[in-house]
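Enquirer:
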Amino acid sequence: SVLARELLDRAGPTAPPTQVEEYMLCQLNAGLSGPLSPGEHPAAYLASLDQAPEQPFLLYLSAFAAGPPDASYDDVFLLQEGLRARLRGAPWCEALASIGSGWIALFRGDAIWAARDFARALVGFQALGDRWGMMLAHSGTAELATARGDHSSAEASMDEALRLAALQLSHRANEARHDIAAETREQ
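Each residue of the sequence shown is one higher than the last, beginning at 5 in the working numbering.
Listed below in structure tokens is the structure:
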């Protein structure tokens with residue numbers, strides 16, 4: 005967070021025209037230790053988007069860094085649905101928006117909406133083969149089941165999330181071994 009603040013001090017108060025997303029990443033990292041300016045909320049970045057970012061993980065990071073806005077759940081829902089509409093045509097972003105809507109609905113107490121959006125996210129991430137996204141969807145489903153008192157379903161969803169995590173870690177470890185072996189052969 006300190007290094008990000010130093011970088012922002014050097015870059016100045018506005019993003020260079022060709023590095024808006026990179027600048028936003030610095031703002032998000034710097035803001036993890038507290039707002040950069042009084043009243044500033046990273047969710048403003050989400051509200052400013054008119055299309056999917058080139059680096060769509062910024063959507064997740066900005067929501068994570070921002071936490072829930074101070075607005076009412078109804079206002080947050082409207083913001084989220086507006087964002088979802090602007091992200092149409094970007095499948096990963098659409099699936100991630102469903103994760104966000106699912107959590108907002110869960111916190112709001114709307115179990116039907118939450119279940120629908122976590123399921124929508126799962127289908128979207130499955131279509132993309134994205135294990136990380138599937139893990140998010142399953143963990144949201146597990147939390148929803150826990151809130152309903154359905155611990156058996158919660159356990160099954162969490163088990164699936166953990167299974168996917170293990171697969172992803174195994175895949176990454178195999179990639180690393182392959183890369184190391186290739187570098188060794190080149191030397």
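For glycine and all other residues, C-beta sits at the position ideal for the given N, C-alpha and C.
The structure displayed is predicted, hence computed values, not measured ones.
Does the segment 93-113 come close enough to the segment 121-139 that 3 or more CB-CB pairs lie under 8 Å?
Expert: As far as the Cβ criterion goes, the segment 121-139 touches the segment 93-113, which means the pair count is three or higher.
Enquirer: Among residues of its own chain, excluding the 5 on either side of L65, which ones have a beta-carbon nearer than 8 Å to its beta-carbon?
Expert: Within the sequence shown, residue 65 is the residue found at index 61, counting from 1. L29, L32.
Enquirer: Please classify H142: is it buried, with 16 or more other beta-carbons within 10 angstroms of its beta-carbon, or exposed?
Expert: In the sequence shown, the residue the question calls residue 142 occupies position 138. Buried is the call here.
Enquirer: Give me, in chain order, the residues of the same chain whose beta-carbon lies closer than 8 Å to that of W117; leave out the 5 immediate sequence neighbours on both sides.
Expert: Position 113 of the sequence shown, counting from 1, holds the residue named residue 117. For W117, where only same-chain residues beyond five positions count, the Cβ hits under 8 Å are S105, G106, A109.
Enquirer: Measuring straight from C-alpha to C-alpha, what distance separates A160 and G153?
Expert: Counted from its first residue, the sequence shown places residue 160 at position 156. Counted from its first residue, the sequence shown places residue 153 at position 149. Between A160 and G153, the C-alpha separation is close to 13 Å.
Enquirer: Looking at the secondary structure, which residues open and close the alpha helix (DSSP H) in which T145 lies?
Expert: What you label residue 145 is simply residue 141 of the sequence shown in a count that begins at 1. Note, T145: alpha helix (DSSP H), 135-152.
Enquirer: Put A99 into one of helix, strand or coil per three-state DSSP.
Expert: Numbered from 1 along the sequence shown, position 95 holds the residue referred to as residue 99. Helix.
Enquirer: Quick check on G128 - is its C-beta less than 7 Å from some C-beta in chain C?
Expert: Considering every chain present, this structure includes no chain C. It has just one protein chain.
Enquirer: Return helix, strand or coil for R14, following the three-state DSSP convention.
Expert: Start at 1 with the first residue of the sequence shown, and residue 14 comes out as number 10. R14 falls in the helix class under three-state DSSP.
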